[in-house]
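Below: the structure, in structure tokens.
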Amino acid sequence: MNKEYTDLEVWQESRKLTNQVYELTTSFPKEEQFGLTNQIRRAVVSVTSNIAEGCGRQTAKDTINFLHISRGSLYELETQCYVALDQQYMTKEQFQSIHNSIQVCKRLLNGFINYYRKLS
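Using the working numbering, read the sequence shown as starting at 115 and increasing by one per residue.
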């Protein structure tokens, strides 16, 4: 692949999701700073980071491995957002917005994984 990872739609959408999550979590309770807030932020950063790391690998198999880790982080983030919703740290509208962004990233990431599977 000749494209830079920063040119990839999947990375760009994941970056938007990261910014969305960071903005939202600034309003979480202070007592969650080292709990759920930190965990959610780590999960969302893992999504973009593992896409980037995967793109830097030499083989399609290695790339796919990192893309799977990225996808796992999306599922982790989704679950943590359900927890935040249940704890009323976010509104239903905020949750729906984040959830929609997560679904976009999942679709793009699955497509990217399928692309690399064809190369291996």
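Backbone N, C-alpha and C define an ideal beta-carbon position, used for all residues, glycine too.
Who are the Cβ neighbours of Arg129 in its own chain at under 7 Å, not counting the five residues just before and after it?
-> Thr162
Whose CA, out of Asn179, Gln202, Glu190, His213, lies closest to the CA of Asn228?
-> Asn179
Just confirm the distance between the C-beta atoms of Ile183 and Val124, as a whole number of angstroms; I'd bet it's less than 8 Å.
-> Going by Cβ atoms, the distance from Ile183 to Val124 rounds to 14 Å, so no, they are not a contact pair.
Closest by C-alpha distance to Tyr203, when choosing among Thr132, Leu138, Gly225, Lys117 | Leu138
Going by alpha carbons, who is nearest to Gly149 out of Lys175, Thr120, Val197, Gln134?
-> Val197
Determine the DSSP secondary structure at Glu192, reduced to helix, strand or coil.
-> helix
Are the CB atoms of Ile154 and Gln201 nearer to each other than 9 Å?
-> no
Spatial neighbours of Ala174 within its chain, please: CB distance less than 6 Å, with the 5 preceding and 5 following residues excluded, ordered by chain position.
-> Tyr230, Leu233, Ser234
Exposure label - Arg185; buried when at least 16 CB within 10 Å = buried
Boundaries (first-last residue) of the alpha helix (DSSP H) holding Tyr136 = 123-139
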